[in-house]
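Asks: Sending over a structure as structure tokens; questions will come in a sec.
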Amino acid sequence: MSKRDVAVTLRQIIEFADEIAALIANRSRDQLNSTKEFRRALELVGEAARRLPEEWREHHQDIPWRQIIGMRNVMIHGYDVVSNDVLWNTAAHDMPQLRAKIESILVNEA
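Residue numbering for the sequence shown is 741 to 850, as defined by this note's numbering.
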């Protein structure tokens, strides 16, 4: 994957994080956890992370890539297994941190 393709993928993760933030702002916790678009946006973050080259992810170990991809795998293959609390905490707490780290990478490695 080229440097440009990595940047495109990182920007996609930022877009998904922004989508998740907008969903959080407009719904209660119970409403949010029952929407397919919320779950799908979280899955897409994992999909995008999975597309990044492994050696690139290893160079950026401050981001928990394995957990991000692992959550995506569980959500795809075991939809009801992931608790709503985990999804909410990921969206409300982890996603803003991930977005900030990726934004920093894009600025510093451009």
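Think of the CB as a built atom: it goes at the ideal place given N, C-alpha and C, for glycine as much as any other residue.
Just so you know, these numbers come straight off a predicted model, no measurement behind them.
Among the candidates A747, A832, V746, whose CA atom is the shortest distance from the CA of R767?
Replies: The option with the nearest alpha carbon to R767 is A832.
Asks: By the three-class DSSP mapping on this structure, what secondary structure does T749 have?
Replies: helix
Asks: Do L784 and Q807 come within 9 Å of each other at the CB atom, strictly closer than that value?
Replies: no
Asks: Could you check the C-alpha separation between I803 and A747 for me, to the nearest Å?
Replies: 16 Å
Asks: Quick check: L750 and L792, are their CB atoms within less than 9 Å of each other?
Replies: The answer is yes: Cβ separation under 9 Å.
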